[in-house]
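K.L.:
Okay, so the sequence shown: first residue is 12 according to the numbering used here, each after it adds one. In this text, a Cβ means the ideal position worked out from N, Cα and C, and glycines have one as well.
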Amino acid sequence: MSERGKVEELLARALEAFHAAEFDQARQLLERLLSTEPGHARAWQTLGICHLETGRAQLGLEALERAVAAEPANPDFHYWLGNAAGALGQLDRAYACYQQALALDPGHVKAGELRVRTGNVLESRERYRAALTLLRDKQPPQRFLTLALRELLHSVALFPQSPARSELVYCAREILKVAKDVAVTQPPEEGLEEWARHHEEGAAGLRFLNHQQALAAYEHALGYKDDDAYAWHGLALAQALAGDLDNAARSWQRALDLDPEFDFTVLARVQRRSQ
12 MSERGKVEEL LARALEAFHA AEFDQARQLL ERLLSTEPGH ARAWQTLGIC
62 HLETGRAQLG LEALERAVAA EPANPDFHYW LGNAAGALGQ LDRAYACYQQ
112 ALALDPGHVK AGELRVRTGN VLESRERYRA ALTLLRDKQP PQRFLTLALR
162 ELLHSVALFP QSPARSELVY CAREILKVAK DVAVTQPPEE GLEEWARHHE
212 EGAAGLRFLN HQQALAAYEH ALGYKDDDAY AWHGLALAQA LAGDLDNAAR
262 SWQRALDLDP EFDFTVLARV QRRSQ
């Protein structure tokens with residue numbers, strides 16, 4: 012059998028093992044093939060995937076780099092190289108690989124999906140870093156808390172597993188240290204006396220660190236008037252302090268949806284119509 016015939020036989024056997032999820036067997040066959048023909052792009056790609064499937068991400072990266080070097084116009088090779096880079100936490104490189112795959116094949120669905128996901132994680136990371144810079148200022152103006160919390164919320168929205176979640180409790184505690192009262196007049200609509208009462212109870216619960224009282228009160232207040240950004244903010248503070256970070260993030264986001272310029276360093280003090 013000719014050398015070419017031997018290479019093709021080894022590749023066929025390796026692919027058969029690969030598709031049967033016999034990755035170690037496939038790897039051995041591919042390494043034999045590559046010792047004979049070191050520039051075989053398909054063999055390097057398949058070997059790289061075998062390494063990824065068996066938890067050898069660094070070896071997978073190196074093999075897929077060889078595949079790309081041998082056949083740089085193949086979008087699948089860039090896609091898999093991106094997967095290897097992502098497995099090693101090299102997100103900037105992974106994003107660039109998915110970009111290159113899409114430049115070669117704009118219809119590459121998987122590369123498109125992972126480019127979006129990786130892009131979200133990268134932006135989430137930058138938002139988190141921006142928040143930490145604000146929070147670590149030695150003498151931060153109060154507005155830095157609002158700016159930092161906005162960045163944390165953006166980070167979590169882009170990537171729910173973001174470490175920004177763990178900073179929400181710190182923000183809540185710092186907000187309560189510096190929070191200033193803002194007067195909110197009870198609207199003229201009938202039936203909002205209970206809304207005002209629950210609002211006052213919620214604020215009192217926060218001031219005296221009675222989180223359960225605050226939670227219950229703000230939830231009741233929102234039952235009467237759910238377009239109240241101050242109540243959503245109060246509820247978020249109580250949720251964060253109680254450790255319910257997912258709902259805290261959602262409540263704060265709701266406050267921002269209602270008022271994009273919302274100041275997180277204030278607590279509402281309701282002025283009843285009789286006052």
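(1) Kindly list the residues whose CB is nearer than 8 Å to the CB of Val18, restricted to its own chain and excluding five residues on each side of it in sequence; keep chain order.
(2) Can you grab the Cα-Cα spacing for the pair Glu20 / Glu14, in whole Å?
(3) What three-state label does DSSP hand Trp28 in the structure shown?
(4) Give a yes or no on whether the C-beta atoms belonging to Ala249 and Leu226 are separated by under 8 Å.
(5) Reducing DSSP to helix, strand and coil, say where Arg138 ends up.
(6) Excluding five sequence neighbours on each side, which residues of the same chain lie with their C-beta closer than 6 Å to the C-beta of Leu158?
(7) Please report how far the alpha carbon of Thr276 lies from the alpha carbon of Tyr241, in whole angstroms.
(8) Drop a sphere of 10 angstroms on the beta-carbon of Gly100, count the other beta-carbons inside from all chains shown, and report buried for 16 or more, exposed for fewer.
(9) Following a CB-centred definition, is Leu146 positioned closer than 7 Å to any heavy atom of the ligand MG?
(10) Helix, strand or coil for Arg67, going by three-state DSSP, please let me know.
(11) Does the stretch 205-212 come within contact of the stretch 178-189, defined as at least 3 CB pairs closer than 8 Å?
P.N.:
So, from the data block:
(1) Cβ neighbours of Val18 beyond the five flanking positions: Leu44, Thr47, Glu48, His51.
(2) Separation of Glu20 and Glu14 (C-alpha to C-alpha, rounded to the nearest whole angstrom) is 10 Å.
(3) In the sequence on display, residue 28 carries Ala and not Trp. Correct three-state label for Ala28: helix.
(4) Closer than 8 Å, so yes.
(5) Arg138 falls in the helix class under three-state DSSP.
(6) Leu145
(7) Using only the alpha carbons, I get a separation of about 11 Å.
(8) exposed
(9) For the ligand MG, the structure offers nothing, since it holds no ligand at all.
(10) coil
(11) no
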